[in-house]
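Contents: one structure, followed by commentary.
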Amino acid sequence: MYGLYSFFLLMGFLLYAPGYFIQMKIRKKESLFLKERLGIKLPAAKPGAPSLWIHAVSVGEVLSLRRLVSELRTKHPSWPIYFSTLTNSGYNVAKQALSGVAEIFFVPLDFGRVVRRFFSVLRPQLFVLAESEFWPHLLRQARRSCRSVILVNGRMSRRSYRKYRRWRSLVRPVLGNIDYFLVQTELDRERLEGIGIPAQRIEVAGNLKAEVCLPEVSVEERHNLRTAFGLSPEKKVIIAGSTHRGEETLILKAFAGAREIRPDLAVVIAPRHPERSPEVEKAAVELGLRVMRRTQVESDKPWDVLILDTIGELTKFYALADLAFVGGSLIPHGGQNLLEPAFYGKPLCFGKHMENFAALADDFVNSGAARIILGPEELEDVFLMKDERALEEMGRRAKDLLLSLQGATARTLQVIESRIAKGGD
203 MYGLYSFFLL MGFLLYAPGY FIQMKIRKKE SLFLKERLGI KLPAAKPGAP
253 SLWIHAVSVG EVLSLRRLVS ELRTKHPSWP IYFSTLTNSG YNVAKQALSG
303 VAEIFFVPLD FGRVVRRFFS VLRPQLFVLA ESEFWPHLLR QARRSCRSVI
353 LVNGRMSRRS YRKYRRWRSL VRPVLGNIDY FLVQTELDRE RLEGIGIPAQ
403 RIEVAGNLKA EVCLPEVSVE ERHNLRTAFG LSPEKKVIIA GSTHRGEETL
453 ILKAFAGARE IRPDLAVVIA PRHPERSPEV EKAAVELGLR VMRRTQVESD
503 KPWDVLILDT IGELTKFYAL ADLAFVGGSL IPHGGQNLLE PAFYGKPLCF
553 GKHMENFAAL ADDFVNSGAA RIILGPEELE DVFLMKDERA LEEMGRRAKD
603 LLLSLQGATA RTLQVIESRI AKGGD
């Protein structure tokens, strides 16, 4: 199986790499870090004490692990922690958010020889991966090289479950390299068991994102932020976070309709992929809305729509929101993280496509901490914010529910410590 996988991976790389190179290096002027990804330039190892290699895909996963990494550094300062990520944005956020780790680097391309070079240099005792990042060669070599391989904050969407069930004869050997699964919900446990993972290797530990370490924003800081963006005290701000193609037009149309009734409204749109900002701006201009980009802010320039065309600032804007919309949910994408606005006690709304966070979304709706939007036609009514007292109560419930979900970090830390002590037995 691994030989066939390697062949198709190589063919895909040879066919896809030139176009990707043109897109990233020439059009976006971003580095591909190929020397790092191909193992030509390897991270520096720190031999001696027990070491961990922790892998997270991108920004959300990196931030969800921040508290865990901090706890590990506090309790075991002599343990070197090597931290890898897949995306440029994840790498940049890890550099900013994770202090005290031995090395932050890009995960190797999943070729057997490349992966082996990383493990032979780093020699980690424990390999920890977050959520659902299952690279066959990476996991296979981790099992061969490490005492233990652990999945933390694991989840399995309905779409992934259907795919894995169909191909379980191929998927099961790959996941079999993981000797312990810490998952978010009972549904995730059931789905793993459904593709053949033994029940004794799965534990529901909760969601690490419920303990996300976000900076507290004082009243003075919020005031200064609003002033910097020309927001008067009476302005009501809607934040649409991590939106995807197909959603922004719906959001902008609903906002334009609501603004005709409530001219004190403003909306901040943060596309999941900031490089799409020009098309979002074009859609807003076509609706007659005044637009400003975050990278071109002028405090004395009036705007209706602010496009957040940067990375790593969305949480700061959630802090000044009067209403938060969670993107990726009006279209069949599966939704995005709803816990960040909840951290700041903001009322939430999202569309019906929250499959990636189904249990969490149900908890928020059933607790009166969020409202589900069943169709685009409901957006305008929600954006009008007719009952502000009810919205304040919704925000309070969101914060309370978030606090009630905490505890995953402590259990994850216990498992990591026990696995290093016992050698994964």
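Using the working numbering, you'd call the opening residue of the sequence shown number 203 and step up by one each time. Heads up, the beta-carbon is just placed ideally off N, CA and C, and yes, glycines get one too.
- If you draw a straight line from the Cα of Val584 to the Cα of Arg325, it is about 53 angstroms long.
- In the DSSP assignment, Val330 falls within the beta strand (DSSP E) that extends over Leu328 to Ala332.
- Assignment of Ala442 by DSSP, reduced to helix, strand and coil, places it in the strand class.
- With a cutoff of 8 angstroms on beta-carbon distance, Asn290 and Ala344 are scored as not near each other.
- DSSP, reduced to helix, strand and coil, places Gly609 outside both helices and strands of the structure shown, so it counts as coil.
- Rounded to whole angstroms, Gly396 and Ala468 show a C-alpha spacing of 46 angstroms.
- According to the DSSP assignment, Phe321 belongs to the alpha helix (DSSP H) that extends over Gly314 to Leu324.
- Between Leu491 and Ala456, the CB-CB gap reaches or exceeds 8 angstroms.
- Within the same chain, Leu244, Pro245 and Ala247 come within 8 angstroms of Val323 by CB-CB distance, once the 5 residues on both sides are set aside.
- Apart from sequence neighbours up to five positions away, the residues of its chain that approach Tyr366 with a beta-carbon distance below 6 angstroms are Val373 and Ile397, ordered along the chain.
- Assigned with DSSP and collapsed to three states, Val487 falls in helix.
- Ala332 is positioned such that its CB atom lies closer than 8 angstroms to that of Ser266.
- Only residues of its own chain outside the window of five on either side were considered, and among them Ala251, Pro252, Ser253, Leu254 and Leu274 have a CB closer than 7 angstroms to the CB of Trp281, listed in chain order.
- Exposure of Lys484 is indicated by the presence of fewer than 16 other C-beta atoms within 10 angstroms of its C-beta.
- Residue pairing by DSSP places Cys415 opposite no residue, since no beta bridge is assigned to it.
- Between Gly241 and Arg319, the C-beta gap is smaller than 8 angstroms, which places the two residues in contact.
- Note on the segment 244-317: whole alpha helix (DSSP H) runs with a minimum of 4 residues are 261-266, 268-277 and 290-299, in chain order.
- In the assembly as shown, Pro435 is an exposed residue. Its beta-carbon has fewer than 16 other beta-carbons within 10 Å.
- The alpha-carbon separation between Arg428 and Asp502 amounts to approximately 12 angstroms.
- The alpha-carbon separation between Val406 and Ile399 amounts to approximately 14 angstroms.
- Looking at the backbone, the Cα of Val421 and that of Ser606 are separated by about 25 angstroms.
- Under the Cβ criterion (8 angstroms, minimum of three pairs), the segment 560-568 does not count as touching the segment 510-520.
- Under DSSP, Met494 takes part in a beta bridge, and its partners are Leu508.
- Here Leu353 is near Leu384, since their CB atoms are less than 8 angstroms apart.
- Of the candidates Asp466, Arg464 and Thr497, the residue whose Cα lies closest to the Cα of Pro480 is Thr497.
- Pro249 and Tyr284 have their alpha carbons spaced roughly 12 angstroms apart.
- No Cβ-Cβ contact shorter than 8 angstroms links Gly547 with Ala612.
- In the structure shown, the three-state DSSP call for Leu384 is strand.
- Counting only residues of its own chain and dropping the five nearest sequence neighbours on each side, Arg478 has a CB closer than 7 angstroms to the CB of Arg447.
- Annotation: Val330 to Leu540 spans about 24 angstroms, alpha carbon to alpha carbon.
- Following the DSSP letters along the chain, one finds Phe566 inside the alpha helix (DSSP H) bounded by residues Ala560 to Asn568.
- Counting along the chain, the unbroken beta strand (DSSP E) around Ile471 starts and ends at Leu467 to Pro473.
- Between Tyr520 and Ile441, the CB-CB gap stays under 8 angstroms.
- By the Cβ neighbour-count rule, Asn426 is exposed, with fewer than 16 other Cβ atoms within 10 Å of its own.
- In this structure, Ala299 places its C-beta atom within 8 angstroms of the C-beta atom of Arg268.
- When DSSP reads this structure, Val528 sits in a beta bridge with Gly443 and Phe552.
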